[in-house]
Amino acid sequence: MEKARNILLALVACIVVVACRDEVKSVVEHDTDPETTPTMTTDSVYTLVSDSGITKYRITAQLWLMYEEAKKPFWRFPQGLMLEQFDSVFNVAASIICDSATYFKDDQLWRLDGNVNIETARNELILTNQLFYSQRRNEIYSDSFVHIEKADRVIEGYGFVSNDRMTTYSLDSVSGIFPIEERASSPRRAAADSTAAADSVPGTDSLPPVNRRQRMVGDMQKERQSL
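Counting with the working numbering, you get residues -8 to 218 for the letters of the sequence shown.
Structure, rendered in structure tokens:
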């Protein structure tokens, strides 16, 4: 699960990444309500993040709204967020996709909403409708239904808590453990795949993770071409 931790930590790197390729920014005057009007809007976010001079991550989002003048500053990614981690030969090794995301700056807290898909380098898959990542507590958690696909079994339940490395985790209430051959018939898998948050991206909630990634990248490319 080390790679899953790394891609979650890359969300932190997003804090210092301001310059984005092929983007359009607009600054809003401060005579509006800072709680509902963003101070900066960035369209077609498609940026690479480097670590020690080596490109490690790619962040893709259709819309990035910054509410820096709000009483409690926050960022919103209302049309979805995708974070990919590259291996040594620049293939995608792990990824996180969600329908929307919010970062609460003062609390150093990320909230990922709507069809949250985490694909690890070990080909393990974690599905849920809402996931929190606390930088301050170094903790990943969710009160929603969680579906975990491991190499040999599927684990489902509620009350997911993990360290930020995702090497140890627990479920407060386990609703089922299935051998891997039974996962297609799991009643909760259908619920995890079909349930979407209220602000999910139209047309993507029923797509598997790979196709949702392709859909999001395709939308980014079309939007940049139209600018």
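C-beta atoms are modelled at their ideal positions from N, C-alpha and C, and glycine is treated no differently.
This one's a predicted model, so the numbers in the text were calculated from it and none came from an experiment.
query: Burial state of Val80, where buried means 16 or more other Cβ atoms lie within 10 Å; result: exposed
query: Euclidean distance between Cα positions of Asp90 and Ser43; result: 30 angstroms
query: Option nearest Asn154 by Cα separation, candidates Ile131, Glu26, Phe77, His138; result: Ile131
query: Distance CB(Phe151)-CB(Val137) smaller than 8 angstroms; result: yes
query: Inter-residue spacing [alpha-carbon to alpha-carbon] between Thr33 and Leu72; result: 13 angstroms
query: Bounding residues of the beta strand (DSSP E) (the contiguous stretch that carries Asn106); result: 100 to 110
query: Whole-angstrom distance between Thr159 and Thr38, CA atom to CA atom; result: 31 angstroms
query: Alpha-carbon to alpha-carbon, Gln53 and Asp104; result: 15 angstroms
query: Sequence-distant residues of its chain with Cβ nearer than 8 angstroms to Gln99 (five each side left out); result: Ser125, Gln126, Arg127
query: Beta-carbon proximity of Pro64 to Asp24, cut-off 8 angstroms; result: no
query: Glu110 burial status per 10 Å Cβ neighbour count (16 or more: buried); result: buried
query: Inter-residue Cα distance where the pair is Ser35 and Asn120; result: 24 angstroms
query: Which residues DSSP lists as bridging Phe65, in chain order; result: Tyr58, Phe95
query: Straight-line gap, Met31 to Phe95 (C-alpha atoms, nearest Å); result: 16 angstroms
query: Candidates Arg102, Ser135, Ser166, Tyr48, of which the one nearest Val83 by Cα; result: Tyr48
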